[in-house]
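Okay, so here's the structure we're looking at.
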Amino acid sequence: MRTSAESGADACVGDALEQEHGGVALPGHVVVLIVALSAAVVAQGGYYPAGRILVTVLVAVALVAALRLRPRVEVDARMVALACAALAGWVLVRAVIADAYEVAFGAVGTLAGVAAVALILARTSVGERIRGAEAVIGLGVLVSVTAWAGVAWRLPRFAVLVEGRLWRGASTLTYPNAAAALLVPLALLALALLLTRPRSLPLALAGYLLLVGTGATLSRAGLIALLAGLMVLAATAGLWSTISRAGPLLLGAGIAVVAVVPSTPGTAQPQPALAAIGLVSGALIVTGSVLLPTRVRGGAMVGALLLGAIALASQWGSDPLRAVLASRGNLDSPGRSGAATAALELVGANPLIGTGIGQARFLWVTPNGNGALALYAHNEYLQLLVDLGLIGALLLMALFATMAVAIRRGGAHQRRAGIRAGVFAALTAFAVHSGFDFLWHIAVLPLLGALLVGLAAPAIRGNPSSSTTKEKA
1 MRTSAESGAD ACVGDALEQE HGGVALPGHV VVLIVALSAA VVAQGGYYPA
51 GRILVTVLVA VALVAALRLR PRVEVDARMV ALACAALAGW VLVRAVIADA
101 YEVAFGAVGT LAGVAAVALI LARTSVGERI RGAEAVIGLG VLVSVTAWAG
151 VAWRLPRFAV LVEGRLWRGA STLTYPNAAA ALLVPLALLA LALLLTRPRS
201 LPLALAGYLL LVGTGATLSR AGLIALLAGL MVLAATAGLW STISRAGPLL
251 LGAGIAVVAV VPSTPGTAQP QPALAAIGLV SGALIVTGSV LLPTRVRGGA
301 MVGALLLGAI ALASQWGSDP LRAVLASRGN LDSPGRSGAA TAALELVGAN
351 PLIGTGIGQA RFLWVTPNGN GALALYAHNE YLQLLVDLGL IGALLLMALF
401 ATMAVAIRRG GAHQRRAGIR AGVFAALTAF AVHSGFDFLW HIAVLPLLGA
451 LLVGLAAPAI RGNPSSSTTK EKA
């Protein structure tokens, strides 16, 4: 557990790094990578072939631009790329055995993207990574705001009516849980950066909006992942620092989410004015937590807490809140439990080599005696075991191991202002959420995971975009 003195020292380091790297511009290869992520977000996460091909091409362009810089790169990025290649090779071997290639090619493309991101970010400096992290957080804010607006105004492009009961924010990803899987890691990264730059109002508001968007998705797995990430952030960055900085953002986001709840039931009329009032109220709380003098900040936060309690009390017992709690206020998910049971049966039938990517169909009998069918297990670890068997699981563990080594070795190099703590928390959240939903099938999410790893891996020194000499990492 970090002490308050250590957290304070990190804040000083963060301010120093902010001054040192404040004028750093994003190099071209990182700009193209962020464009690729943006394109994936717009193209429904890159789930469908057209969007996936576009994203793959853009990432390839970014990689070519990065390779032209030719600085000396740590072995870690190359090991991650080799592990991706090994897993991709097994995917192709299994596709040949099953004589089924279309879905397998998509998986290979995703793994190629993960490897490319590792190699791209290996050719960046600390300052460039900080700027890149801020740019990706900005992209997440756009996703978050559109998800919130989709619910508040019932915009079909940005929200979906799930099972005819609740409107849930999804933005352009069109899948609420995928939107939450994107927003939660970025919210944790923004919070971690805020811990070292506590007077940064843009960072505070960005973190707040990311949390609001997460709430608008009404994703139970997203909430569980957020809690897991916050615990890791508290352990790595300091409990008191995390509470003091994240608390106002969570409070403000809570008020904004409570205000949008009346717009969520499918049978109710949207109330955008109430949602907007809640959003502005939460933003004012966050702004006050950053700008108010220390001597009055505590009293202001107590007042904000009372405001939050009043907002919650005003909705307590209301039909919209009851509808949300009935659907999202529990861990009951017959579809997931049924798919998991079917997946375990398939693993037992094909334990070593699996069924092949995209070949499994999950069948089970529901409690009312009807049959149910699912294409995904809603658990990526179990899904991979079904698709690629024990061999695939071991290769995935090897990939994770190379990523862990890269992150660990990154700690021995230049300190990043909040990046490492944010990466630990964000990757924890993503790993937890991956046990509840089919996230790795949506191209933008594995790319985000690879980007997080790359942010914490060893960086080169100086500015590689203007260097043609070999630089020691």
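Heads up: the sequence shown runs through residues 1 to 473, numbered per full-length UniProt numbering. We treat Cβ as the ideally placed atom computed from N, Cα and C, and that holds for glycine. In this text the structure is predicted, and so the values were computed from the model without any measurement.
For residue i: DSSP bridge partner residues
| i | result |
| --- | --- |
| V160 | R168 |
| L373 | L363 |
| P265 | L166 |
Residues of its chain near residue i, where Cβ-Cβ distance is below 7 Å and the 5 sequence neighbours each way are ignored
| i | result |
| --- | --- |
| G109 | R52 and T56 |
| L452 | P185, V423, A426 and L427 |
| A66 | H29, L119, I120 and R123 |
| L346 | T355, A360 and V386 |
| A100 | G356, G358 and Q359 |
| Q414 | Confidence is the limiting factor: at Q414 the pLDDT is only 49, short of 50, which leaves the residue's position unreliable and the question unanswerable from this model. |
| L274 | A259 and P262 |
Neighbour-count burial assignment, residue i, 16 or more Cβ in a 10 Å radius
| i | result |
| --- | --- |
| Q44 | buried |
| I419 | buried |
| N368 | exposed |
| V136 | buried |
| A326 | exposed |
| A253 | buried |
| E102 | exposed |
| E128 | buried |
| G164 | exposed |
| I460 | buried |
| A309 | exposed |
| V296 | exposed |
| W316 | exposed |
| P49 | exposed |
| Q269 | exposed |
Contact set for residue i: own chain, Cβ-Cβ below 8 Å, skip 5 residues either direction
| i | result |
| --- | --- |
| L307 | I255, S281 and I285 |
| I97 | I353 and G356 |
| V24 | S125, G127, E128, I130, R131 and N463 |
| F430 | A181, V184, P185, A225, L439, L445, L448, G449 and L452 |
Chain-order list of residues whose beta-carbon lies under 6 Å from that of residue i (same chain, five-residue window excluded)
| i | result |
| --- | --- |
| S333 | none |
| L382 | A343 |
| A234 | T242 |
| I442 | G45, Y47 and A178 |
| G454 | V117, A118 and L121 |
| L191 | G207 and A246 |
| S171 | V143, T146, A147, F158 and A179 |
| H433 | A181, A221 and A225 |
| L279 | A256 |
| S465 | Caution is warranted here: a pLDDT of 48 is assigned to S465, below 50, making its placement in the model unreliable, and no coordinate value can be reported. |
| A77 | A118, L119 and A122 |
| T366 | A372 |
| A374 | A339 and F362 |
When the options are compared against residue i, the one with the closest alpha-carbon
| i | options | result |
| --- | --- | --- |
| M397 | V42, Y48, L58 and L87 | L87 |
| G288 | S244, S263, A275 and W316 | S244 |
| T236 | G164, G411, D437 and A273 | G411 |
| P185 | A456, G449 and I460 | G449 |
| A204 | M403, A170 and L251 | L251 |
| L249 | A112, A39, D387 and L305 | L305 |
| P351 | L385, V257 and N379 | L385 |
| V258 | W148, L92, V432 and A83 | W148 |
| residue 474 | A100, V80, L173 and L111 | The structure shown does not extend to residue 474, since the chain is modelled only from 1 to 473, so the question has no answer here. |
| L395 | G229, E102 and V91 | V91 |
| A340 | G169, L189, W364 and T264 | W364 |
| M79 | G435, A115 and I34 | A115 |
| R336 | V145, H378, A404 and G354 | H378 |
| N370 | D99, A275, G138 and G338 | G338 |
| L58 | Q269, L182 and V31 | V31 |
| A95 | A404, A421 and L388 | L388 |
| G113 | P156, V145, L33 and L142 | L33 |
| G238 | A421, I460 and A40 | A421 |
| Y376 | L390, H433, L230 and F438 | F438 |
| A456 | W440, R328, F430 and R409 | R409 |
| L189 | A133, L274, L166 and A273 | A133 |
| T214 | R199, V232, R168 and A228 | R168 |
| P262 | T402, P320 and L173 | P320 |
| A323 | P272, A100, V162 and L63 | V162 |
| V290 | V302, A216 and L194 | L194 |
| V141 | L218, V212, V64 and L166 | V212 |
| P198 | P156, L331 and T294 | T294 |
| G392 | L155, A60 and C84 | C84 |
| A187 | A374, L139 and P272 | L139 |
| V61 | L82, Y175, L218 and L37 | L37 |
| A401 | V35, L82 and V232 | L82 |
Enumerated in chain order, which unbroken segments of the alpha helix (DSSP H) with a length of 4 residues or greater are wholly contained in the stretch 51–125? The qualifying runs are 75–98 and 102–121.
Could you tell me which whole alpha helix (DSSP H) segments of length 4 or greater appear in the stretch 269–327? Qualifying alpha helix (DSSP H) stretches, in chain order: 272–291 and 294–315.
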